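Contents: one structure, followed by commentary.
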Amino acid sequence: MTSSSSVVGVLVALLCAALEDGTALEPLIVTPPYLFGEEPPTPSALAASYGYPTEEHEVDSDGYLLTLFRIKGPAQDEGQKGKRKASTAEPPALEPFILHHGMAGNAAEWVMFGPGKSLAYALADAGFDVWLASGRGSKYGKKHVQHAADSDEFWDFSWHDQGAVDLPNIVDFVLNATNFKQTWYAGHSMGNTIMFVMNAVRPEYDSRIRHHFALAPTGFMGRVKNPSVVDFKNKLAQTVELWDSLGLTHFSSETPLLSTPRAALCAIFKDTCKQNFFFDTFGSDEKQSFEGQAEITGAYLPGDFSVRQVVHYGQIAAANESFRRFDFGTANQELYNSTTAPEYDMSRVTVPATFMYGAGDVLTVPEDVVAFSKLFRASPPALHQVPFKLFNHGDFITARDQHKYVHQPVLAHARHIREKTGFIPRGYSGSPAAEEKEMKKTKRKLQAWLNSKTAREGPNMVHEE
């Protein structure tokens, strides 16, 4: 749930303020301009600007057209490109690795900070064929063969549908494209929830997942500490009734209700915005902030999401230690042959998994992660608490030290698995010095992006100094 609670909290606060004093929110001038209204580079364009070979593909999943961004291995400098062209030998096949974003996120979150800062580059440099998935309704999942993206029909889904339908289709597409029988997988927040759903309702896909790295795995939510989410789960029925009366089917970052107040207020009250949108939402972690973090994140996030996605999480949170299907109330009997929504059965899941979580996470709190892991009796996941006491929900995507606390543990464990099976990755030493060099190089490029007058023109804005 990349930014759902922040959006819910802002919605509640703004709506309450408007009701109390009757004043209208005036649109304000916002800098930098790409906080809203102008498009930053696509994930493939951004990765290509750093020298990575990229492709874009489209998956038709139940009518939703979902973009997959592919990074086909390590970055190549000009000299290497020439050598590759001169060679008649086919490059070795690289194992596929799917990355899936959380709710209100999109595929760009895996690449937006550049090499040394974002996981997709680390995986590509380690010799993986990286595929960035797009969830339905996300920035790069807004097309449908029949329904317009602003129609009620388009937004009639929850994360159950993404796990039961979309993720299997994505896995099939990637395996067919790469001619592999298995793929690695990492999700952030809801990106793990949909994997858990697929595990439960499409068990035939267990054998197609080599390993699942669950970053901030969102399953149980009964112990959530985020004040907005606690308030939401305690007033779930009233909130759902209100949203139904308003005819809400989704929340959009492209409407004034969300984009204008967020961008305008953050431009003026930067410290307050950082506190509200980062720390209050995910957990307090000032030490993982860095210059340009908020601006770059704001260029891509938060995105759109359906009301049913939010409500489904609310139902899970309100039910304490429960991970179950969407509760349709009186319609449950017809849909499930039960008056209550059935629990997902995780006891037979055989996918090897590693649950990575932070002690400072106020959404997916450690106690919920540990309790949820006990449902996986057939294949208990490895538990890895990040060794930084303030590491929070968003840090898995935005932290300044994610190379240390996320990339290196993932790559080390993947290397261990590959060594056990006789498959050794090429091109990655795991050297902290190499990571630091990449980070400095990335910082120069990001600063050029932030300061460039041609930022609105797309991926060509990134240059070496």
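Numbering (mature numbering (1 follows the signal peptide of the UniProt record, and there is no 0)) for the sequence shown: -24 to -1, 1 to 441.
Cβ coordinates follow ideal geometry from the N, Cα and C atoms, glycine included.
Since we're looking at a predicted model, the values are computed, not measured.
What residue does the alpha helix (DSSP H) around residue 219 start on, and which one ends it?
Numbered from its first residue, the sequence shown carries residue 219 at position 243. It spans 212 to 222 - the alpha helix (DSSP H) in which residue 219 sits, taken as one unbroken run.
Whether residue 369 touches residue 84 by CB criterion (8 Å):
Taking the first residue of the sequence shown as 1, we reach residue 369 at position 393. Taking the first residue of the sequence shown as 1, we reach residue 84 at position 108. Here residue 369 is not near residue 84, since their CB atoms are 8 Å or more apart.
Just tell me which of 140, 176, 48 and 197 has its CA closest to the CA of residue 292.
Stepping through the sequence shown from its first residue, residue 292 is reached at position 316. Nearest option by C-alpha distance: 197.
Grab the span of the alpha helix (DSSP H) containing residue 290 for me, first residue to last.
The residue you call residue 290 lines up with position 314 of the sequence shown. First-last of the alpha helix (DSSP H) with residue 290: 283 to 294.
Burial state of residue 93, where buried means 16 or more other Cβ atoms lie within 10 Å
Position 117 of the sequence shown holds residue 93. With 16 or more other Cβ atoms inside 10 Å of its own Cβ, residue 93 counts as buried.
Cβ-based burial, residue 122 [other Cβ within 10 Å; buried from 16]
As a first step, residue 122 is located in the sequence shown; it is residue number 146 there, counting from the start. Classification of residue 122: exposed, given that the 10 Å Cβ count is below 16.
Quick check on the burial criterion: 16 or more other C-beta atoms within 10 angstroms. Buried or exposed for residue 137?
For this step, residue 137 is matched to residue 161 along the sequence shown. Classification for residue 137: buried.
Are residue 202 and residue 338 closer than 8 Å when you measure CB to CB?
Counting from one through the sequence shown, the residue named residue 202 turns up at place 226. Counting from one through the sequence shown, the residue named residue 338 turns up at place 362. Contact flag set, yes.
Helix or strand or just coil, what does DSSP make of residue 41?
In the sequence shown, the residue the question calls residue 41 occupies position 65. In the structure shown, residue 41 sits in a strand (DSSP, three-state: E or B).
In whole angstroms, what is the alpha-carbon distance linking residue 173 and residue 139?
Locating residue 173 in the sequence shown gives position 197, where the first residue counts as 1. Locating residue 139 in the sequence shown gives position 163, where the first residue counts as 1. Put simply, the backbone Cα of residue 173 is about 5 Å away from that of residue 139.
Beta-carbon proximity of residue 166 to residue 131, cut-off 8 Å
The residue you call residue 166 lines up with position 190 of the sequence shown. The residue you call residue 131 lines up with position 155 of the sequence shown. The answer is no: Cβ separation not under 8 Å.
State the Cα-Cα distance for the pair residue 156 and residue 335, rounded to the nearest angstrom.
Position 180 of the sequence shown, counted from the first residue, corresponds to residue 156. Position 359 of the sequence shown, counted from the first residue, corresponds to residue 335. Straight-line Cα distance between these residues: approximately 36 Å.
Below 8 Å CB to CB, which residues in the same chain sit around residue 41 once its five sequence neighbours on both sides are set aside?
Numbered from its first residue, the sequence shown carries residue 41 at position 65. Excluding the 5 residues flanking it on each side, residue 41 has same chain C-beta neighbours closer than 8 Å at 34, 35, 117, 119, 120 and 121, in chain order.
Which same chain residues, not among the five before or five after residue 389, have their C-beta less than 7 Å away from its C-beta?
Here residue 389 is taken as the residue at index 413 of the sequence shown, counted from 1. Result list for residue 389: 330, in chain order.
In the DSSP assignment, the beta strand (DSSP E) including residue 72 goes from what residue to what residue?
Translated into positions along the sequence shown, residue 72 becomes position 96. Element bounds for residue 72: 71 to 76.
What do you get for residue 38, buried or exposed, if any count of 16 or more other CB atoms within 10 angstroms of its CB means buried?
Translated into the one-based positions of the sequence shown, residue 38 becomes position 62. In this structure residue 38 is exposed. Its beta-carbon is surrounded by fewer than 16 other beta-carbon atoms within 10 angstroms.
Quick one: residues in its chain with C-beta nearer than 8 Å to the C-beta of residue 61, no 5 flanking neighbours on either side, listed in chain order?
By 1-based counting over the sequence shown, the position of residue 61 is 85. Residue confidence for residue 61 is low, a pLDDT of 43 falling below 50, so the modelled location carries little weight and cannot support an answer.
Contacting residues, own chain, Cβ-Cβ under 6 Å from residue 177 (five flanking each side not counted):
Against the sequence shown, residue 177 aligns to sequence position 201. Around residue 177, the same chain offers 140 as residues with beta carbons nearer than 6 Å, after the five sequence neighbours per side are excluded.
Under three-state DSSP, which class holds residue 366?
As a position in the sequence shown, residue 366 is number 390, starting the count at 1. In the structure shown, residue 366 sits in coil (DSSP, three-state: anything other than H, G, I, E or B).
Pick helix, strand or coil for residue 338, following the three-state DSSP scheme.
As a working mapping, residue 338 is identified with position 362 in the sequence shown. Residue state for residue 338 is assigned as coil, using DSSP reduced to three classes.
Using the C-alpha atoms, what's the distance from residue 98 back to residue 327?
Counting from 1 along the sequence shown, the entry for residue 327 is found at position 351. Counting from 1 along the sequence shown, the entry for residue 98 is found at position 122. Separation of residue 327 and residue 98 (C-alpha to C-alpha, rounded to the nearest whole angstrom) is 23 Å.
Short Cβ contact (8 Å threshold) for residue 108 with residue 86
Indexing the sequence shown from 1 puts residue 108 at position 132. Indexing the sequence shown from 1 puts residue 86 at position 110. In contact: residue 108 and residue 86 (Cβ atoms closer than 8 Å).
Where residue 443 sits in the DSSP three-state scheme
Residue 443 is absent from the model: the chain starts at -24 and stops at 441.
Within the continuous alpha helix (DSSP H) that includes residue 389, where are the two ends?
If you number the sequence shown from 1, residue 389 lands on position 413. For residue 389, the enclosing alpha helix (DSSP H) has its first and last residue at 384 to 397.
Inter-residue Cα distance where the pair is residue 46 and residue 387:
Position 70 of the sequence shown holds residue 46. Position 411 of the sequence shown holds residue 387. Counting only the Cα atoms, residue 387 lies some 19 Å from residue 46.
Let me make sure I understand the geometry here. Which of 159, 170 and 342 has the alpha-carbon closest to that of residue 394?
Here residue 394 corresponds to residue number 418 of the sequence shown, with the count starting at 1. Ranked by Cα distance from residue 394, the first of 159, 170 and 342 is 159.
Report the rounded CA-to-CA distance for residue 171 versus residue 183, giving the unit in angstroms.
Position 195 of the sequence shown, counted from the start, is the residue given in the question as residue 171. Position 207 of the sequence shown, counted from the start, is the residue given in the question as residue 183. Rounded to the nearest angstrom, the two C-alpha atoms are 13 Å apart.
Taking 8 Å as the threshold (C-beta atoms), are residue 124 and residue 163 in contact?
In the sequence shown, residue 163 corresponds to position 187, counting from 1. In the sequence shown, residue 124 corresponds to position 148, counting from 1. Cβ atoms of residue 163 and residue 124: not closer than 8 Å.
Counting only the same chain and skipping the five closest in sequence on each side, list residues whose C-beta sits under 7 Å from that of residue 233.
Taking the first residue of the sequence shown as position 1, residue 233 is located at position 257. Caution applies to residue 233, whose pLDDT of 41 falls short of 50 and renders its modelled position unreliable; the model cannot decide the point.
Expected contact under 8 Å - CB spacing of residue 106 and residue 143 to nearest Å
Here the question's residue 106 lines up with position 130 in the sequence shown. Here the question's residue 143 lines up with position 167 in the sequence shown. About 17 Å separates the two Cβ atoms, so there is no contact after all.
With a threshold of 16 other CB atoms inside 10 Å of the CB of residue 313, please say whether the residue is buried or exposed.
The sequence position of residue 313 within the sequence shown is 337, counting from 1. Looking at its Cβ environment, which holds fewer than 16 other Cβ atoms inside 10 Å, residue 313 is exposed.
Mind checking which residues open and close the beta strand (DSSP E) that includes residue 108?
Here the question's residue 108 lines up with position 132 in the sequence shown. Looking at the DSSP string, the run of the beta strand (DSSP E) that includes residue 108 is 104 to 109.
Residues of its chain near residue 345, where Cβ-Cβ distance is below 8 Å and the 5 sequence neighbours each way are ignored:
Looking up residue 345 in the sequence shown gives position 369. Closer than 8 Å at the Cβ level, and outside the excluded window around residue 345, lie 193, 195, 196, 331, 333 and 359.
Span of the alpha helix (DSSP H) around residue 97
Translated into the one-based positions of the sequence shown, residue 97 becomes position 121. Counting along the chain, the alpha helix (DSSP H) containing residue 97 begins and ends at 95 to 101.
State yes or no: is the C-beta of residue 125 nearer than 7 Å to some heavy atom of the ligand GDP?
This structure lacks the ligand GDP, and indeed carries no ligand of any kind.
Once you ignore the five residues that flank residue 20 on each side, which residues in its own chain have a CB closer than 6 Å to its CB?
The residue labelled residue 20 in the question sits at position 44 within the sequence shown. Cβ within range, chain order: 30, 32 and 45.
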